[in-house]
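Okay, structure first, notes after.
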Amino acid sequence: MYCVEVRDRIMIAHSLPDPFFGPAQGLHGATFVVDVAFFREELTAQNVVVDIGAALDVLKATLQPLAYQNLDALPAFAGKLTTTEFLARHIFDNVAAAARSGALGEDGPGLAKIRVTLHETDLARASFEAGLG
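Under numbering that gives the first Met the number 0, think of the first position of the sequence shown as 0, with each following residue one higher.
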């Protein structure tokens, strides 16, 4: 399986109001490095997995509504615990929708799967990965 991965980052604020999260229950900031990996069984006619420029554009457009936002104040996240895992799925859903809609060009529909990884620090990260079929 072939893979191409692109990267960007976002800074957000949020709280995780559940005793499970200890001191992270209160409002705090986070800077996430976000990696999106695109997988394909066979290369395209141009011998690529996906157009890297288009992949970077899709990732940037997906992250833009979250960047520098307090996630607690966004209606889409009302009542949600915006954990790293939750955000990985949210970003995956948006990137996958973009791939299906043609935002990655004609390469998007042939992708086998996508993985989104959010790095909280150099010591901790969380991912969501699924097929596009």
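Glycine included, every Cβ here is placed at the ideal spot set by N, Cα and C.
For Leu70, the three-state DSSP class (helix, strand or coil): Numbered from 1 along the sequence shown, position 71 holds the residue referred to as residue 70. Helix, per DSSP.
Range of the contiguous beta strand (DSSP E) that encloses Glu84: Counting from 1 along the sequence shown, the entry for residue 84 is found at position 85. Looking at the DSSP string, Glu84 is not in any beta strand (DSSP E); the run it does join, the alpha helix (DSSP H), is Thr83 to Ser100.
Euclidean distance between Cα positions of Gly132 and Ala111: Here the question's residue 132 lines up with position 133 in the sequence shown. Here the question's residue 111 lines up with position 112 in the sequence shown. Computed Cα separation, rounded: 7 Å.
Chain-order list of residues whose beta-carbon lies under 8 Å from that of Gln24 (same chain, five-residue window excluded): Translated into the one-based positions of the sequence shown, residue 24 becomes position 25. Answer for Gln24: Ser14, Leu15, Pro16, Asp17 and Pro18, listed in chain order.
Three-state secondary structure (DSSP) of Leu42: Taking the first residue of the sequence shown as position 1, residue 42 is located at position 43. Three-state result, Leu42: coil.
Between the CA atoms of Asn46 and Thr83 - distance to the nearest angstrom: For the purposes of this step, residue 83 is taken as the residue at position 84 of the sequence shown. For the purposes of this step, residue 46 is taken as the residue at position 47 of the sequence shown. So the two alpha carbons sit approximately 34 Å from each other.
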